[in-house]
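J.: The opening position of the sequence shown corresponds to residue 2 in the working numbering, with each subsequent residue numbered one higher. Just so it is clear, CB atoms sit at the ideal spot from N, CA and C, and this is done for glycine as well. Sharing a structure with you now.
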Amino acid sequence: MSKIDDLMRQGLALHQSGQLAEADAIYGKVLARQPSHPAANHLRGVLLLQQGDAAGAVHLLQRAVHLRGENAEYLGNLGAALNAAGRHQEALSVFERSLKLQPNDPGVRNNYAMALKALGRLDPAIAAYRTAITLRPQEPGFYRNLANALSEMGEWHEAEQNYRKALELRPNFPNALTGHVNSLLALHRRDEAIQTAAAAATRFPQQSEFHRALGHAHWQSGNPAAAATAYRAAIAANPADVEAHRLLGLIVVRSEVDKEVQAVQALLDRPALHTDSRAQLHFTLAQAYDDLGDGDHAAEHFRAGNALVRRGRPFDLDRALSEMQAMQDAFESLPDADVPPLEPPSGPIFIVGLPRSGKSTLEGRLARHPDLYAAGELAALANLAGAVAKEGVIGALERRDAARSAELGRRFLAMSTSLAPGRRLLDTMPNNFRLIGAIRLAMPSARIVHCTRDPRGHMIALHQKYYSQSGNEYAADLEKLVAFHAAYRELMAIWSRRFPGLIVDIDVTAPGSSAKTLDHLGLS
Numbered sequence: 002m003s004k005i006d007d008l009m010r011q012g013l014a015l016h017q018s019g020q021l022a023e024a025d026a027i028y029g030k031v032l033a034r035q036p037s038h039p040a041a042n043h044l045r046g047v048l049l050l051q052q053g054d055a056a057g058a059v060h061l062l063q064r065a066v067h068l069r070g071e072n073a074e075y076l077g078n079l080g081a082a083l084n085a086a087g088r089h090q091e092a093l094s095v096f097e098r099s100l101k102l103q104p105n106d107p108g109v110r111n112n113y114a115m116a117l118k119a120l121g122r123l124d125p126a127i128a129a130y131r132t133a134i135t136l137r138p139q140e141p142g143f144y145r146n147l148a149n150a151l152s153e154m155g156e157w158h159e160a161e162q163n164y165r166k167a168l169e170l171r172p173n174f175p176n177a178l179t180g181h182v183n184s185l186l187a188l189h190r191r192d193e194a195i196q197t198a199a200a201a202a203t204r205f206p207q208q209s210e211f212h213r214a215l216g217h218a219h220w221q222s223g224n225p226a227a228a229a230t231a232y233r234a235a236i237a238a239n240p241a242d243v244e245a246h247r248l249l250g251l252i253v254v255r256s257e258v259d260k261e262v263q264a265v266q267a268l269l270d271r272p273a274l275h276t277d278s279r280a281q282l283h284f285t286l287a288q289a290y291d292d293l294g295d296g297d298h299a300a301e302h303f304r305a306g307n308a309l310v311r312r313g314r315p316f317d318l319d320r321a322l323s324e325m326q327a328m329q330d331a332f333e334s335l336p337d338a339d340v341p342p343l344e345p346p347s348g349p350i351f352i353v354g355l356p357r358s359g360k361s362t363l364e365g366r367l368a369r370h371p372d373l374y375a376a377g378e379l380a381a382l383a384n385l386a387g388a389v390a391k392e393g394v395i396g397a398l399e400r401r402d403a404a405r406s407a408e409l410g411r412r413f414l415a416m417s418t419s420l421a422p423g424r425r426l427l428d429t430m431p432n433n434f435r436l437i438g439a440i441r442l443a444m445p446s447a448r449i450v451h452c453t454r455d456p457r458g459h460m461i462a463l464h465q466k467y468y469s470q471s472g473n474e475y476a477a478d479l480e481k482l483v484a485f486h487a488a489y490r491e492l493m494a495i496w497s498r499r500f501p502g503l504i505v506d507i508d509v510t511a512p513g514s515s516a517k518t519l520d521h522l523g524l525s
């Protein structure tokens, strides 16, 4: 037993000093001699989690918990591993067991909030993040996590304050800086966003994420030349910054296979590269060759990029179609008496349609109107609907609960008023097309503008774009894209028939589209 204890002390010392391979070898020796050693299972599980092997970590940590019983530390680390493995519902129950034993553990409280957030339960996640901050007020990551959750609910003012606090505690904190810049942009404090990102990039010139945040601030402020300069600075700081290469490629129109294109190709030739990073590089090269009029090479890279997206982020078409069918069934059978009268257009404006349909163009036109506030693609509606539903958006809509619809309306309008006092909010989140029934019941004064274009050209455009946010993976598979696009068009037609006066279809390239839109919105 003393030999085992000596090995464990050696392993722990190596582990704590960052010599993970050496520590792993020691833990392995212990487990070879005594497979049921609780601490060896636990510490080796923690080590595997640190190395990114979530599945292996879960296996060992489950064994440690089984051997030791109700141990708060073991349970907390098992929950973290389950989170990392995407098994968030299981993680919740494990965290709850840990918190019963040690309710004031701030790390476990934070990880518990992360599981809640991953499951779309943002209200309790926000409450849990606040508790973690109370328990450990000097931890910058907690403020960043709280700010992320608040931003998803559209609470940009409080989110901005928490991003700022995170950066006060840890100035060299890329994720917090990116969030802070985004929050300032959402609040239309564009000059401050640029100044904040520029100051960080100047202070930490080797941090490519800070230059990239500055590029985003310039891009959103309508200065693509300055954005390109910032993205080039990000690449200079880190030549392997795949996202900076991709974003630069969206701005610069290539006239030759220059050094920047060659640098992207050189990155793609590296053997050890994450699937999604490789996909981004293929789309970057496809855009470059498309600029050059080299259709064969562009098509080759579009195909390769989409194949990698399909591999790394498979799309569940059956689930998506069943959700749209559930929406259709729920609202087609909704009695007219359950639909509140349509009010004059004075509430929020939702510009819907799949990506590449002209939503950004239309938003840019409407944003010039003094009574409107362009908020971009807000996740708030879907997240608030999920919070109101308690068990997911679909469940709430199928029940058509009037009280919950009213709560959704109150919460969204409160968020809108906070973000844009005295003006009507413009929300361009594409997937809001699924929630039009909820919008109609919750906000009778809201209006929908549906951006349309020729289906074939639209599907080609969708297939030739890389999407950093989840939810658009259907575009990477032509067969799924055709089926999804057809179901989307059918659902939009049903919304128009079911709720007359709510929706106007707009082709932004058609003459008179701006006047038609303004008339529908009750604007001049």
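Under the three-state reduction of DSSP, which class applies to A375: helix, strand or coil?
T.: strand
J.: Does DSSP put F332 in a helix, in a strand, or in coil?
T.: helix
J.: Would you kindly report the start and end of the unbroken alpha helix (DSSP H) that includes R271?
T.: R271 -> no alpha helix (DSSP H), and no H or E assigned at all.
J.: In terms of residue numbering, what span does the beta strand (DSSP E) encompassing H451 cover?
T.: R448 to C452
J.: For a quick check, are the C-beta atoms of N173 and F205 less than 7 Å apart?
T.: One thing to note: N173 has its Cβ within 7 Å of the Cβ of F205.
J.: Can you give me the C-alpha to C-alpha distance between S184 and L382, rounded to a whole angstrom?
T.: 17 Å
J.: Over the uninterrupted alpha helix (DSSP H) stretch that includes F413, give me the two end residues.
T.: A403 to L420
J.: Spatial neighbours of T276 within its chain, please: C-beta separation below 7 Å, excluding the five flanking residues on both sides.
T.: L309, R312 and G313
J.: Roughly how many angstroms separate the alpha carbons of N1 and A133, rounded to a whole number?
T.: The structure shown does not extend to residue 1, since the chain is modelled only from 2 to 525, so the question has no answer here.
J.: Do A85 and A128 have their CB atoms nearer than 7 Å?
T.: It is not a contact, given that the beta carbons lie outside the stated cut-off.
J.: Measure the C-alpha to C-alpha separation of A368 and S334 and round it to an integer number of angstroms.
T.: 37 Å
J.: What did DSSP end up calling L426 once you bin it into helix, strand or coil?
T.: strand
J.: How big is the Cα-Cα spacing for L102 and R137?
T.: 18 Å
J.: Can you give me the Cβ contacts of A305 inside the same chain, cut-off strictly under 6 Å, excluding the 5 residues immediately before and after it?
T.: H283
J.: Whole angstroms are fine: how far does the CA of Y467 sit from the CA of I507?
T.: 25 Å
J.: Keeping to the same chain, check which residues put their C-beta closer than 7 Å to that of L524; ignore five residues upstream and five downstream.
T.: Excluding residues up to 5 positions away in sequence, H370 and D372 lie with their Cβ nearer than 7 Å to the Cβ of L524 in the same chain.
J.: Following the continuous alpha helix (DSSP H) through V31, name the residue where it begins and the one where it ends.
T.: Unbroken alpha helix (DSSP H) run through V31: L21 to R34.
J.: DSSP three-state label for F205, please.
T.: Looking at F205 - three-state DSSP - the assignment turns out to be coil, as it is neither helix nor strand.
J.: Contact between the stretch 400-420 and the stretch 449-466: three or more CB pairs below 8 Å?
T.: no
J.: Which two residues bound the contiguous beta strand (DSSP E) that contains F351?
T.: I350 to V353
J.: If you scan the stretch 205-253 from start to end, which runs of the alpha helix (DSSP H) of 4 or more residues do you find wholly inside it?
T.: 209-221, 225-238 and 243-252
J.: What does V505 pair with, by DSSP beta-bridge criteria?
T.: V450
J.: Pick from A321, P341 and H486: whose alpha carbon is nearest that of R357?
T.: H486
J.: Taking contact to mean 3 or more Cβ pairs, one atom from each stretch, closer than 8 Å, check whether the stretch 420-432 and the stretch 487-498 are in contact.
T.: Touching, no.
J.: Starting from the N-terminal side, write out each stretch of the alpha helix (DSSP H) that is 4 residues or longer and does not extend beyond the stretch 442-494.
T.: 456-464
J.: Run through DSSP, which three-state label would K4 get?
T.: Note: K4 maps to helix in three-state DSSP.
J.: Does DSSP classify P125 as helix, strand or coil?
T.: helix
J.: With C-beta atoms as the reference, is N384 less than 7 Å away from L123?
T.: Yes; because the gap between Cβ atoms is below 7 Å, this pair is in contact.
J.: Would you kindly check if the distance between the Cβ of H246 and the Cβ of A527 is under 7 Å?
T.: The chain is shown only over 2 to 525; residue 527 falls outside these bounds and no answer can be derived.
J.: Comparing the C-beta of L185 with each C-beta of chain C, is any distance below 7 Å?
T.: Annotation note: the requested chain C is absent from the structure, which comprises a single protein chain.
J.: Would you mind sorting L15 into buried or exposed? The rule is 16 or more other CB atoms within 10 Å of its CB.
T.: buried
J.: Could you give the residue range of the alpha helix (DSSP H) that holds V66?
T.: A55 to R69
J.: What is the C-beta distance between A447 and G348, in whole angstroms, given that I count them as a contact (C-beta under 8 Å)?
T.: 4 Å
J.: Exposed or buried, A273, counting other C-beta atoms within 10 Å across all chains shown (16 or more means buried)?
T.: exposed
J.: Starting from A338, trace the alpha helix (DSSP H) both ways and give me its first and last residue.
T.: No alpha helix (DSSP H) contains A338, which DSSP labels as neither H nor E.
J.: Label P336 either buried or exposed according to how many other C-beta atoms from any shown protein chain fall within 10 Å of its C-beta, with 16 as the threshold for buried.
T.: exposed
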